[in-house]
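> Residues 0 to 444 in numbering that gives the first Met the number 0 are what the sequence shown spells out, letter by letter. All C-beta atoms, glycine included, are put in the ideal place defined by N, C-alpha and C. All values derive from a computational prediction rather than experimental measurement.
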Amino acid sequence: MALSGLGIYKLLPKTNCKKCGFPTCLAFAMQLAAKKVSLDKCPDVSQETKKALESASQPPIKLITVGSGDEKLEIGNETVLFRHEEKFYHPTGIGFIIEDTSSEEDIKKALGEINKLDFERVGQRINVNIVGISCESKDASKFQVVVKTVLENTKLALALVSDDASFIAKALEASKERVPLLCGATSANYKEMAKLAKDNKVPLVASAPTLEELETLVKNLNTEGVEDIVLDTGKKSIADKLWDLTQIRRLALKKAFRPFGYPVIAFTQNADKFQEAAEASTYVSKYAGIVMLKNRDPWVVLPILTMRQNIYTDPQKPLQVEAKVYEIGKVEDKSPVIVTTNFSLTYYTVEAEVESSKVPTYIVSCDSEGMSVLTAWAAEKFTAESIAKALESFGIKDKVAHKDLIIPGYVSVLSGKLEEASGWKVTVGPREASGIPVFLRNLTK
Ligand code: SF4
Numbered sequence: 000m001a002l003s004g005l006g007i008y009k010l011l012p013k014t015n016c017k018k019c020g021f022p023t024c025l026a027f028a029m030q031l032a033a034k035k036v037s038l039d040k041c042p043d044v045s046q047e048t049k050k051a052l053e054s055a056s057q058p059p060i061k062l063i064t065v066g067s068g069d070e071k072l073e074i075g076n077e078t079v080l081f082r083h084e085e086k087f088y089h090p091t092g093i094g095f096i097i098e099d100t101s102s103e104e105d106i107k108k109a110l111g112e113i114n115k116l117d118f119e120r121v122g123q124r125i126n127v128n129i130v131g132i133s134c135e136s137k138d139a140s141k142f143q144v145v146v147k148t149v150l151e152n153t154k155l156a157l158a159l160v161s162d163d164a165s166f167i168a169k170a171l172e173a174s175k176e177r178v179p180l181l182c183g184a185t186s187a188n189y190k191e192m193a194k195l196a197k198d199n200k201v202p203l204v205a206s207a208p209t210l211e212e213l214e215t216l217v218k219n220l221n222t223e224g225v226e227d228i229v230l231d232t233g234k235k236s237i238a239d240k241l242w243d244l245t246q247i248r249r250l251a252l253k254k255a256f257r258p259f260g261y262p263v264i265a266f267t268q269n270a271d272k273f274q275e276a277a278e279a280s281t282y283v284s285k286y287a288g289i290v291m292l293k294n295r296d297p298w299v300v301l302p303i304l305t306m307r308q309n310i311y312t313d314p315q316k317p318l319q320v321e322a323k324v325y326e327i328g329k330v331e332d333k334s335p336v337i338v339t340t341n342f343s344l345t346y347y348t349v350e351a352e353v354e355s356s357k358v359p360t361y362i363v364s365c366d367s368e369g370m371s372v373l374t375a376w377a378a379e380k381f382t383a384e385s386i387a388k389a390l391e392s393f394g395i396k397d398k399v400a401h402k403d404l405i406i407p408g409y410v411s412v413l414s415g416k417l418e419e420a421s422g423w424k425v426t427v428g429p430r431e432a433s434g435i436p437v438f439l440r441n442l443t444k
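1. Say the cut is 8 angstroms; is the CB of Leu241 nearer than that to a heavy atom of ligand 1?
2. For the alpha helix (DSSP H) that Glu419 lies in, which residues bound it at each end?
3. At what residues does the beta strand (DSSP E) containing Phe118 begin and finish?
4. Tell me which residue opens and which closes the alpha helix (DSSP H) that Ile395 is part of.
5. Counting only the same chain and skipping the five closest in sequence on each side, list residues whose C-beta sits under 6 angstroms from that of Val446.
6. Is the closest heavy atom of ligand 1 to the C-beta of Leu10 under 8 angstroms?
7. Is the beta carbon of Gly122 less than 9 angstroms from the beta carbon of Leu292?
8. Taking Thr91 as the reference, give the member of Tyr325, Met306, Ile337 and Leu413 with the closest Cα.
9. Confirm the yes/no value for this check: CB of Lys35, any heavy atom of ligand 3, distance under 8 angstroms.
10. Would you mind sorting Pro258 into buried or exposed? The rule is 16 or more other CB atoms within 10 Å of its CB.
11. Leaving out the 5 sequence neighbours to the left and right, which residues in its chain are closer than 6 angstroms to Lys200 when beta-carbon positions are compared?
12. For Phe342, which beta-bridge partners are listed by DSSP?
13. Please report the straight-line C-alpha distance between Ser101 and Tyr361, rounded to a whole angstrom.
14. Rank Asp69, Gly68, Leu52 and Ile74 by C-alpha distance to the C-alpha of Leu62 and give the top, closest one.
15. Let me know if Glu419 comes out buried or exposed under the rule of 16 or more other beta-carbons within 10 Å of its beta-carbon.
16. For Val263, count neighbouring Cβ atoms within 10 angstroms of its own Cβ and tell me buried if that reaches 16, exposed if not.
17. Are the beta-carbon atoms belonging to Lys357 and Glu368 less than 9 angstroms from one another?
18. Check the C-beta distance from Leu417 over to Ile406 and give it rounded, since I have them as a contact under 8 angstroms.
19. If you draw a straight line from the C-alpha of Ala156 to the C-alpha of Ile113, how long is it?
20. Report the partner residues of Thr426 according to the DSSP bridge assignment.
21. Kindly give me the distance between the Cβ atoms of Ala400 and Asp332, rounded to whole angstroms, as I take these residues to be in contact under 8 angstroms.
22. I'd like to check one pair, Leu203 with Val225: are the Cβ atoms closer than 9 angstroms?
23. State yes or no: is the C-beta of Lys18 nearer than 8 angstroms to some heavy atom of ligand 1?
24. Leaving out the 5 sequence neighbours to the left and right, which residues in its chain are closer than 8 angstroms to Ile97 when beta-carbon positions are compared?
25. What residue range is occupied by the uninterrupted beta strand (DSSP E) comprising Ser284?
26. With DSSP as the reference, label Gly183 as helix, strand or coil.
27. Cα separation between Leu159 and Ala287?
28. Check whether the segment 270-289 and the segment 332-341 are in contact - that is, three or more C-beta pairs closer than 8 angstroms.
29. Using only the heavy atoms of ligand 1, determine whether one of them is closer than 8 angstroms to the beta carbon of Asn15.
30. State buried or exposed for Gly20, treating a residue as buried only when at least 16 other CB atoms are found within 10 Å of its CB.
31. Hey, Ser186 and Leu216 are a contact pair by Cβ (cut 8 angstroms); roughly how many whole angstroms apart?
32. Does DSSP put Ile60 in a helix, a strand or coil?
33. For Val44, verify whether its CB is less than 8 angstroms away from any heavy atom of ligand 1.
34. I want to know whether the segment 64-73 touches the segment 178-185 - three or more CB-CB distances under 8 angstroms.
35. Where does Asn441 fall in DSSP's three states?
36. Taking DSSP's pairing of strands, which residues face Leu390 in a bridge?
Now the structure itself:
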């Protein structure tokens, strides 16, 4: 549990010597509690105090990094049980297992499909993150060859899956630069696995079927000097896995229970694609750091990624686009002008429909603090005055040779007032964005 400023102060030398740059030890303690300075600024803290403060300042769930470069995966470091308390920070990594008994051709084909699971939604990239290679061949050399093939064909983070440390050691020779996740340690092999993880500075999955056994295993790994750990409670029904995930998160956050202060990996068990999507979504919501899937059809994966995106946005800050004029297609001075809000989902829905109409159009995105049309109107963030102000400040009148403005059908009530406030002629557009293509095509006939 993090210490308060006063708690930290009690552990400091209390000499007010100012060597840390603060006038008093109390001032320094307050800044330290707020994480605005680091403990090493005080040269006089004892080793004992250092240890106590360092452990108190650790996050309740450790941040674990798998992979390297742009595609590295960071998981953990979450601070709350519910996203209305504070946002979730590190989105669940979504991955797949490839077996080393598959042919090279099949492996390359699978990796090509996995690499394509990379989409854009409401202006953000949503993609999969990790590929696990499972040593089913029980042949270390073959395993290493397949790991090399995977390394050459994807930039995603890697997991090396085997409970035999000798196979993992061979695969690590080819892949340690990419900081793979070793998957993993059990009560039977933890010493060998811990040595590999420590020597190669890579994270390690600790796998045990019950929470009690997992606690013992993590403590053993800590004793062996391993601190970068991902927890796994093995194959379970959805209900049992959900129980484990929830208990681990609660114990880490509410009881500062250090053995469970790590992110968790979950492997889906359902072969049925619909069931698997539901299972994976459950684990993303509560509270997996990584979910490994069996199926990789885009229609299975995209809803999971979309759900993850929604879970990991800040509920107090709606996704927004920049409020400005957007030019869709080869616009000219007679192109229509549509107005909408700057809520990402609203804007991108309108943009997609305008694009599909093939009618070059200006979209004026007004600052509605990220609210959708009706919500913003009800909250008085999308008013005749605010729209008129946006038209003026964005200089749309200098881009077109007309003064015809299309507003969303849901706010038709604004027409008269908006005409008065802006001097533009207002046309009420469709209520739903899906009506935009027909509306625009009819307008320009
Ligand atoms: S350097 Fe240490 S002892 Fe000196 S004032 Fe700062 S916190 Fe206190």
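Well, looking at it:
1. Flag unset: Cβ of Leu241 not near ligand 1.
2. In the DSSP assignment, Glu419 falls within the alpha helix (DSSP H) that extends over Ser414 to Ser421.
3. Taken as a continuous stretch (DSSP letters only), the beta strand (DSSP E) holding Phe118 covers Asp117 to Arg120.
4. No residue range can be given for Ile395, since it is assigned to no alpha helix (DSSP H) and is classified by DSSP as neither H nor E.
5. In the structure displayed, the chain extends from 0 to 444; residue 446 sits before or after that span and is not available.
6. Checking the Cβ of Leu10 against ligand 1 gives no.
7. Contact: no.
8. Per the C-alpha coordinates, the member of Tyr325, Met306, Ile337 and Leu413 positioned closest to Thr91 is Met306.
9. With respect to small molecules bound, the structure shown includes ligand 1 and not ligand 3.
10. With 16 or more Cβ atoms within 10 Å of its Cβ, Pro258 is classed as buried.
11. Cβ neighbours of Lys200 beyond the five flanking positions: none.
12. Phe342 pairs with Gln319.
13. Straight-line measurement puts the Cα of Tyr361 at about 51 angstroms from the Cα of Ser101.
14. For Leu62, the nearest C-alpha among the options comes from Ile74.
15. Around the C-beta of Glu419, fewer than 16 other C-beta atoms lie within 10 Å, and the residue is accordingly described as exposed.
16. Buried is the call here.
17. It is not a contact, given that the beta carbons lie outside the stated cut-off.
18. Contact flag correct, Cβ pair sits at about 7 angstroms.
19. Straight-line Cα distance between these residues: approximately 12 angstroms.
20. Partner(s): Ile405.
21. That belief holds up - the Cβ atoms of Ala400 and Asp332 are roughly 4 angstroms apart, short of 8 angstroms.
22. Their beta carbons are under 9 angstroms apart, which means Val225 touches Leu203 by this criterion.
23. Lys18 Cβ: within cutoff of ligand 1.
24. Only Ile106, Ala109, Leu110, Val130, Gly131, Ile132, Ser133, Val145 and Val149 meet the Cβ criterion.
25. No beta strand (DSSP E) holds Ser284; the alpha helix (DSSP H) holding it covers Lys272 to Ser284.
26. Looking at Gly183 - three-state DSSP - the assignment turns out to be strand.
27. So the two alpha carbons sit approximately 19 angstroms from each other.
28. Between the segment 270-289 and the segment 332-341, the count of Cβ pairs shorter than 8 angstroms is below three; the stretches do not touch.
29. Asn15 Cβ: within cutoff of ligand 1.
30. Flag for Gly20 reads exposed.
31. Ser186 to Leu216, Cβ: 6 angstroms. Contact.
32. Coil.
33. A distance criterion of 8 angstroms places the beta-carbon of Val44 in contact range of ligand 1, judged by its closest non-hydrogen atom.
34. Contact between the segment 64-73 and the segment 178-185 is present, because at least three Cβ pairs lie under 8 angstroms.
35. Correct three-state label for Asn441: helix.
36. Residue pairing of Leu390 in beta bridges, as defined by DSSP: absent, with no partner found.
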